[in-house]
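For reference, the structure discussed in these notes is given below.
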Amino acid sequence: MKKLLHVFLLLSFSIPVYSGDRVLEGYISSFDYAARKEMKMDSKGLIKLLKDGKAQLIDIRFKEEYQAWKIGPSLSIPLNELPKRLKELDASKIIVTACPHKDRATIAMVYLRSKGINAKYLTDGLIGLAENLRGDNAKAFINAINKN
2 MKKLLHVFLL LSFSIPVYSG DRVLEGYISS FDYAARKEMK MDSKGLIKLL KDGKAQLIDI
62 RFKEEYQAWK IGPSLSIPLN ELPKRLKELD ASKIIVTACP HKDRATIAMV YLRSKGINAK
122 YLTDGLIGLA ENLRGDNAKA FINAINKN
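Every position in the sequence shown, counted from 1, becomes a number in the numbering used here once 1 is added.
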């Protein structure tokens, strides 16, 4: 929790809030327990949304990390490229940001929300997602998303 607070403090000073664009300021000012719960997505919830075609998974790791290993239906947009690649996101879906744990995913989620995009971060990270996509679960998952 302390780490998450540090990320939010860092972001509140590092993401410029331009006059007329108060989305981030409003998001932080209205942040409460409901907002805290709503910004999160665990692997099981993500798998269900991906099967239903309601989410887009964005892997925000560096290119080299993504090339070394990747998770199924994810779009690789490294965190440092995110501002330039917003047009690649499907605004009709919930955008779920992910990295191995959750530090960079949280930064990406806050950035996307500051742009008015419905975004969540993967709480158990790509490592948790990989754990949930083994064996029969992987086969059923791939079959389900290929139907969409």
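C-beta atoms are modelled at their ideal positions from N, C-alpha and C, and glycine is treated no differently.
Bridge-paired residues (DSSP) for residue i
i	result
Ala56	Ile95
Ala145	Paired residues: none, contrary to the question.
Lys41	Tyr122
Leu90	Note: Leu90 sits in no beta bridge, so no partner.
Ser30	According to DSSP, which records beta bridges pairwise, Ser30 is partnered with nothing at all.
Leu76	Ile59
For residue j and residue i, the rounded distance between their alpha carbons
i	j	result
Arg37	Pro79	24 Å
Leu51	Asn81	25 Å
Ser93	Lys55	8 Å
Lys140	Gly27	42 Å
Phe32	Gly73	33 Å
Asn144	Leu76	19 Å
Ile128	Tyr67	13 Å
Ser115	Gly136	38 Å
Arg86	Lys64	14 Å
Gly46	Asn133	11 Å
Leu58	Lys148	17 Å
Beta-carbon proximity list for residue i, same chain, < 8 Å, skipping 5 on both sides
i	result
Tyr122	Met40, Lys41, Met42, Val97, Thr98, Ala99, Lys103, Ala106, Thr107, Ala109, Met110
Ala131	Ile72
Own chain residues within Cβ distance below 6 Å of residue i, not counting five before or after
i	result
Arg62	Cys100
heavy atom of the ligand HEM below 8 Å from residue i C-beta
i	result
Gly126	This structure does not include the ligand HEM; it has no bound ligands of any sort.
Own chain partners of residue i with C-beta closer than 7 Å, once the 5 adjacent residues on each side are dropped
i	result
Leu10	Low confidence applies to Leu10: its pLDDT is 45, below 50, so where it sits in the model is not reliable enough to give any reading.
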